[in-house]
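*Asks:* The following block contains the structure, expressed as structure tokens.
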Amino acid sequence: MGRYWRKIYTLLAITMLLALISLGLYVYLVPLPAHNQSHPTRFLDQGGNEIPTVFGQNRIHITSGEIPTYLGDAFVAIEDYRFHRHFGLDPMGILRALGKNLRAGRIIEGGSTITQQLAKNLFLTPERTLSRKIPEVLLTLQLEINYSKEDILTMYLNQIYFGHGAYGVETASGIFFGKSARELTLAESALLAGVPRAPARYSPFLDYEASISRQHLILDRMAQLGYISPRQAASAKAEDIILGEQNLPAAPYQYFIDYVVKELEENHPRIARHLKGGGLTIHTTLVRKLQQEAEGALQNGLPPGTPDDEGINQPQGALVALDPTTGHILSLVGGRNYQETQFNRVTALRQPGSAFKPFVYLAALENGYTLTDTIMCQEVEFSIPGTGDVYRPTDYGAEPYHNRPLTLREALTISDNVVSAILNYELSPELGLAYAQRLGIDSTLQPYLSSALGTSEVTPLELTRAFCPLANGGRKVEIIAISKITDAQGRTLLANQPRLRQGVDPAAAYIITDVLKGVLAPGGTAGGIDRKINRPAAGKTGTSQDYGNAWFVGYTPDLVAGVWVGNDKSAQSVGASGASLAAPIWADFIQRGLAGTPRSDFPRPQRVVEAEICAQSGLRPGWWCPRDDIKRELFIEGTEPRRYCDVHSPLDWNWWERLLPSQWGMELPSW
Numbered sequence: 006m007g008r009y010w011r012k013i014y015t016l017l018a019i020t021m022l023l024a025l026i027s028l029g030l031y032v033y034l035v036p037l038p039a040h041n042q043s044h045p046t047r048f049l050d051q052g053g054n055e056i057p058t059v060f061g062q063n064r065i066h067i068t069s070g071e072i073p074t075y076l077g078d079a080f081v082a083i084e085d086y087r088f089h090r091h092f093g094l095d096p097m098g099i100l101r102a103l104g105k106n107l108r109a110g111r112i113i114e115g116g117s118t119i120t121q122q123l124a125k126n127l128f129l130t131p132e133r134t135l136s137r138k139i140p141e142v143l144l145t146l147q148l149e150i151n152y153s154k155e156d157i158l159t160m161y162l163n164q165i166y167f168g169h170g171a172y173g174v175e176t177a178s179g180i181f182f183g184k185s186a187r188e189l190t191l192a193e194s195a196l197l198a199g200v201p202r203a204p205a206r207y208s209p210f211l212d213y214e215a216s217i218s219r220q221h222l223i224l225d226r227m228a229q230l231g232y233i234s235p236r237q238a239a240s241a242k243a244e245d246i247i248l249g250e251q252n253l254p255a256a257p258y259q260y261f262i263d264y265v266v267k268e269l270e271e272n273h274p275r276i277a278r279h280l281k282g283g284g285l286t287i288h289t290t291l292v293r294k295l296q297q298e299a300e301g302a303l304q305n306g307l308p309p310g311t312p313d314d315e316g317i318n319q320p321q322g323a324l325v326a327l328d329p330t331t332g333h334i335l336s337l338v339g340g341r342n343y344q345e346t347q348f349n350r351v352t353a354l355r356q357p358g359s360a361f362k363p364f365v366y367l368a369a370l371e372n373g374y375t376l377t378d379t380i381m382c383q384e385v386e387f388s389i390p391g392t393g394d395v396y397r398p399t400d401y402g403a404e405p406y407h408n409r410p411l412t413l414r415e416a417l418t419i420s421d422n423v424v425s426a427i428l429n430y431e432l433s434p435e436l437g438l439a440y441a442q443r444l445g446i447d448s449t450l451q452p453y454l455s456s457a458l459g460t461s462e463v464t465p466l467e468l469t470r471a472f473c474p475l476a477n478g479g480r481k482v483e484i485i486a487i488s489k490i491t492d493a494q495g496r497t498l499l500a501n502q503p504r505l506r507q508g509v510d511p512a513a514a515y516i517i518t519d520v521l522k523g524v525l526a527p528g529g530t531a532g533g534i535d536r537k538i539n540r541p542a543a544g545k546t547g548t549s550q551d552y553g554n555a556w557f558v559g560y561t562p563d564l565v566a567g568v569w570v571g572n573d574k575s576a577q578s579v580g581a582s583g584a585s586l587a588a589p590i591w592a593d594f595i596q597r598g599l600a601g602t603p604r605s606d607f608p609r610p611q612r613v614v615e616a617e618i619c620a621q622s623g624l625r626p627g628w629w630c631p632r633d634d635i636k637r638e639l640f641i642e643g644t645e646p647r648r649y650c651d652v653h654s655p656l657d658w659n660w661w662e663r664l665l666p667s668q669w670g671m672e673l674p675s676w
């Protein structure tokens, strides 16, 4: 038996020796393949046309002699500290990563060396498969045989991706610091070395604090490994970093592209790993004409800017447009100028002011109120539970109260604060917030007595989304920016279909839309812009306390758009209302964006009925009611008034109804 096992061991040893000899011959004799420099990601608009973007590969090569020593050391310290001691593969690093991944129950760390990463970037596509590991290992060994460590590190630094369309340290240095990599300080080198691990997280343009935190980690690591002294590390940490904010290339669509990339990184990380050069084709929902008109409307409509402490012109603005029938993002602009600031204000939290009121009135209609119901606009106060304080709502302007009853239609059209606050109290603040969430508000909302006036913060994107059900018959939409993604071989990796579900009664949504049409007409808070757009449309202005935020969210049957104007520091006033700042931008966008498209009106649901009422009483008119007081109003079927006007008649003509059994269902005739 012992002789048998000796033969087996001998055979295995010979096999392994032959395998090693074959591997050595392959590594030494087979030439490296041609560099696979890039498989650029392509972004297509809704029409299938490629979107110009800085996301493509933007690279300037630099030689090893031009790279500061501490720049290369910083990358080695954080990415592969055994780089100068291993032969391209690091067994200790692989075992260390395997242990961490097993303890975490998922992949949290890779064991790839700098040489392996270079092999992947130069010769392979980004798929993470077992079958691809074999050629990766062979190519890694070939690189180690054919190039020095200095050459490998230089090639790596020329290949790596830093976000913002920058490939290689030279391009990244120009974008982030406005200088060549040859001129980088130790502090700047350490900051730059921290970006490639996750550009969306560690870019100093996107999250300065996170990038500085990672820079400190790298400096500490360099000191620990002996590349620099602790004193040098401390000095570098104290150095002020000056970013080259004006060095990003012009990119008119880049706010939208950044949104798409962030969505992929957060919701589809496996696909996002291929963005750097995986040959992806990303089919987006962007409509180029609408995007161009959105950018033009925002640029033309914003008041002249004044630089703030960070050199960013204020006020800023944002505009996002959605298709209410699909949830597709048709255009998205997150600021004045992407070259100046990459902060996307479409996804920033802000107080919506009165633009929030339609959700409370919608809740009222679905819970027994009608547009003819009246609430007295007069001084009122509410006790705030648990505080001993009182809340006193007032209206804007010289007269804080109308001191007369207002119908719900009138109150919403003129955006009356007092009536809205009283209505919110009668319904309960929780109910109004619940309706906002049913329509698409995902941010945390606080059930205050003032919540009807928009005191909880929301983003322009989600507020615009929440108006979509008012345009499409009460159906909540899911936001979609990507319709499909295919890989370099044309295989579909992701496909998104519109997802809509009924959120509110279509009849109630239609009636609120009819009221919000009046906001655009004379007498409304944005009165007059209906003449500019010259098509059926509805919308709502919003102005937060002390003019901190100016809003207009409006819609047609085919397009919902939200506009926000304000300072990045929300406590600072923009000095004007949503009606004067945001509404004209919206009107300009709608007029130009929908030019040449057919005009259409909102379809009326079957359960919406129209009835004559006496404007004085809100009841059915009798022959005694003045003709000028007789109006037509919309009701959800079954809520229209059954009683006759008791204001103009000298007698109570409703006595007959009280004599009839209710089950007879008879009504008093209109004599």
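Heads up: the sequence shown runs through residues 6 to 676, numbered per my numbering.
In this text, a Cβ means the ideal position worked out from N, Cα and C, and glycines have one as well.
So, is lysine 481 buried or exposed, given that buried needs 16 or more other C-beta atoms within 10 angstroms?
*Replies:* Here residue 481 is taken as the residue at index 476 of the sequence shown, counted from 1. When all chains shown are included, lysine 481 counts as buried.
*Asks:* Can you look up cysteine 719 in the DSSP assignment and give me helix, strand or coil?
*Replies:* A question about residue 719 goes unanswered here, because the residues of the chain that appear run from 6 up to 676.
*Asks:* In the structure shown, what three-state DSSP assignment does histidine 288 receive?
*Replies:* Numbered from its first residue, the sequence shown carries residue 288 at position 283. Residue state, collapsed to three classes: strand.
*Asks:* So, at 7 Å on beta carbons, what are the nonlocal neighbours of alanine 581 in its own chain, with the 5 sequence-adjacent residues on each side left out?
*Replies:* Counting from one through the sequence shown, the residue named residue 581 turns up at place 576. Hits under 7 Å: Tyr552 and Ala555.
*Asks:* Does DSSP classify alanine 195 as helix, strand or coil?
*Replies:* On the sequence shown, residue 195 is found 190 positions in, with the first residue counted as 1. In this structure, alanine 195 counts as helix in the three-state DSSP scheme.
*Asks:* Could you check whether the region 465 to 478 touches the region 555 to 565, counting it as contact only if at least three pairs of C-beta atoms, one from each stretch, sit closer than 8 Å?
*Replies:* Touching, yes, given that three or more Cβ pairs across the two stretches are closer than 8 Å.
*Asks:* Looking only at C-alpha atoms, which of Ala192, Pro511, Pro320 and Arg219 sits nearest to arginine 236?
*Replies:* For the purposes of this step, residue 236 is taken as residue 231 along the sequence shown, with counting starting at 1. Closest by alpha carbon: Ala192.
*Asks:* Around the Cβ of histidine 89, are there at least 16 other Cβ atoms within 10 angstroms (buried) or fewer (exposed)?
*Replies:* What you label residue 89 is simply residue 84 of the sequence shown in a count that begins at 1. By the neighbour-count rule (16 or more Cβ atoms within 10 Å), histidine 89 is not buried but exposed.
*Asks:* Going straight from the alpha carbon of threonine 491 to that of histidine 333, what length do you get?
*Replies:* Mapped onto the sequence shown, residue 491 falls at position 486. Mapped onto the sequence shown, residue 333 falls at position 328. Cα-Cα distance, rounded: 19 Å.
*Asks:* Hey, arginine 414 and leucine 354 are a contact pair by Cβ (cut 8 Å); roughly how many whole angstroms apart?
*Replies:* Along the sequence shown, one-based indexing puts residue 414 at 409. Along the sequence shown, one-based indexing puts residue 354 at 349. Their Cβ separation, rounded to whole angstroms, is 31 Å, which puts arginine 414 and leucine 354 out of contact at 8 Å.
*Asks:* Going by C-alpha distance, which of Pro608, Ser456 and Pro465 is nearest isoleucine 516?
*Replies:* Along the sequence shown, read from residue 1 onward, the residue named residue 516 stands at position 511. The residue with the shortest Cα to Cα distance from isoleucine 516 is Pro608.
*Asks:* Check whether the Cβ atoms of valine 423 and aspartate 400 sit closer than 8 Å, and answer yes or no.
*Replies:* Here residue 423 corresponds to residue number 418 of the sequence shown, with the count starting at 1. Here residue 400 corresponds to residue number 395 of the sequence shown, with the count starting at 1. Yes. Within cutoff.
*Asks:* Can you tell me which of Thr548, Gly445 and Thr497 puts its alpha carbon nearest to the alpha carbon of arginine 506?
*Replies:* Reading the sequence shown from its first residue, position 501 is the one you call residue 506. Comparing Cα-Cα distances from arginine 506 to each of Thr548, Gly445 and Thr497, the minimum goes to Gly445.
*Asks:* What residues match up with serine 388 in a beta bridge as DSSP calls it?
*Replies:* Reading the sequence shown from its first residue, position 383 is the one you call residue 388. Bridge partners of serine 388: Val395.
*Asks:* Quick one: residues in its chain with C-beta nearer than 7 Å to the C-beta of serine 622, no 5 flanking neighbours on either side, listed in chain order?
*Replies:* For the purposes of this step, residue 622 is taken as the residue at position 617 of the sequence shown. If we look at serine 622 and ignore the five residues flanking it on each side, its Cβ neighbours are Cys650, Asp651 and Val652.
*Asks:* Residues in the same chain with beta-carbon distance under 8 Å from proline 309, minus the five sequence neighbours each way, listed in chain order, please.
*Replies:* Position 304 of the sequence shown, counting from 1, holds the residue named residue 309. Cβ within range, chain order: n/a, list empty.
*Asks:* What is the DSSP secondary structure of glycine 215, counted as helix, strand or coil?
*Replies:* In the sequence shown, residue 215 corresponds to position 210, counting from 1. In the sequence on display, residue 215 carries alanine and not glycine. It is helical.
*Asks:* Could you pull out every residue in the same chain whose Cβ sits closer than 7 Å to the Cβ of phenylalanine 167, ignoring the five residues on either side in sequence?
*Replies:* Start at 1 with the first residue of the sequence shown, and residue 167 comes out as number 162. Counting only Cβ-Cβ distances below 7 Å, and skipping sequence neighbours, we find Ala177, Val200, Pro201 and Pro204.
*Asks:* May I have the straight-line CA-CA distance separating glutamine 356 from glycine 459, to the nearest angstrom?
*Replies:* Locating residue 356 in the sequence shown gives position 351, counting from the first residue. Locating residue 459 in the sequence shown gives position 454, counting from the first residue. About 6 Å.
*Asks:* With DSSP as the reference, label glutamine 319 as helix, strand or coil.
*Replies:* Here residue 319 refers to the residue found at position 314 when the sequence shown is read from its first residue. Glutamine 319 falls in the strand class under three-state DSSP.
*Asks:* Over the uninterrupted beta strand (DSSP E) stretch that includes isoleucine 487, give me the two end residues.
*Replies:* Taking the sequence shown and counting its residues from 1, the one referred to as residue 487 is at position 482. 487 to 491 is the extent of the beta strand (DSSP E) around isoleucine 487.
*Asks:* Under 8 Å, do leucine 335 and leucine 291 count as touching if we go by C-beta distance?
*Replies:* Position 330 of the sequence shown, counted from the first residue, corresponds to residue 335. Position 286 of the sequence shown, counted from the first residue, corresponds to residue 291. Yes.
*Asks:* Give a yes or no on whether the C-beta atoms belonging to alanine 620 and glutamate 645 are separated by under 8 Å.
*Replies:* Your numbering for residue 620 matches position 615 in the sequence shown. Your numbering for residue 645 matches position 640 in the sequence shown. No, these two residues do not count as a Cβ contact at 8 Å.
*Asks:* On the three-state DSSP scale, how would you describe leucine 458?
*Replies:* Sequence index remark: in the sequence shown, residue 458 carries index 453 (1-based). Helix.
*Asks:* Along the alpha helix (DSSP H) that carries leucine 370, what are the first and last residues, could you check?
*Replies:* By one-based count along the sequence shown, residue 370 stands at place 365. It spans 362 to 370 - the alpha helix (DSSP H) in which leucine 370 sits, taken as one unbroken run.
*Asks:* I need the DSSP call for proline 410, collapsed to helix, strand or coil.
*Replies:* Indexing the sequence shown from 1 puts residue 410 at position 405. Reduced to three states, the DSSP call for proline 410 is strand.
*Asks:* Would you mind giving the Cβ-Cβ distance between alanine 169 and phenylalanine 210, rounded to the nearest angstrom? I have them listed as a contact below 8 Å.
*Replies:* Working through the sequence shown from its first residue, we reach residue 169 at position 164. Working through the sequence shown from its first residue, we reach residue 210 at position 205. The sequence as given places histidine at residue 169; alanine does not occur at that position. Histidine 169 to phenylalanine 210, Cβ: 7 Å. Contact.
*Asks:* For alanine 500, which residues does DSSP report across the bridge?
*Replies:* Stepping through the sequence shown from its first residue, residue 500 is reached at position 495. Note: alanine 500 sits in a beta bridge opposite Lys489.
*Asks:* Could you tell me the boundaries of the beta strand (DSSP E) in which asparagine 554 lies?
*Replies:* Locating residue 554 in the sequence shown gives position 549, counting from the first residue. First-last of the beta strand (DSSP E) with asparagine 554: 554 to 560.
*Asks:* If I measure Cβ to Cβ from serine 420 and keep anything under 6 Å in the same chain, skipping five residues before and after, which residues do I get?
*Replies:* Here the question's residue 420 lines up with position 415 in the sequence shown. Once the five neighbours on either side are set aside, the close Cβ partners of serine 420 are Ser359 and Thr530.
*Asks:* Between the Cα of glycine 571 and the Cα atoms of Ala195, Leu307, Ser461 and Leu280, which residue gives the shortest distance?
*Replies:* Within the sequence shown, numbered from 1, the residue matching residue 571 stands at position 566. Comparing Cα-Cα distances from glycine 571 to each of Ala195, Leu307, Ser461 and Leu280, the minimum goes to Leu307.
*Asks:* Tell me which residues share the same chain as aspartate 263 and place their Cβ nearer than 8 Å to its Cβ, disregarding the 5 neighbours each side in the sequence.
*Replies:* Within the sequence shown, residue 263 is the residue found at index 258, counting from 1. Excluding positions up to five away in sequence, the list reads Gly339, Gln347 and Asn349.
*Asks:* What is the C-beta distance between serine 69 and glutamate 155, in whole angstroms, given that I count them as a contact (C-beta under 8 Å)?
*Replies:* Counting from 1 along the sequence shown, the entry for residue 69 is found at position 64. Counting from 1 along the sequence shown, the entry for residue 155 is found at position 150. Contact holds; Cβ gap of about 5 Å.
*Asks:* Just verifying my parser: in three-state terms, what is the DSSP assignment at serine 336?
*Replies:* Taking the first residue of the sequence shown as 1, we reach residue 336 at position 331. Serine 336 falls in the strand class under three-state DSSP.
*Asks:* Note down the Cα distance separating glycine 627 from alanine 416, rounded to an integer number of angstroms.
*Replies:* The residue labelled residue 627 in the question sits at position 622 within the sequence shown. The residue labelled residue 416 in the question sits at position 411 within the sequence shown. Using only the alpha carbons, I get a separation of about 26 Å.
*Asks:* Along the alpha helix (DSSP H) that carries glycine 547, what are the first and last residues, could you check?
*Replies:* If you number the sequence shown from 1, residue 547 lands on position 542. Here glycine 547 belongs to no alpha helix (DSSP H); instead the beta strand (DSSP E) covers 543 to 548.
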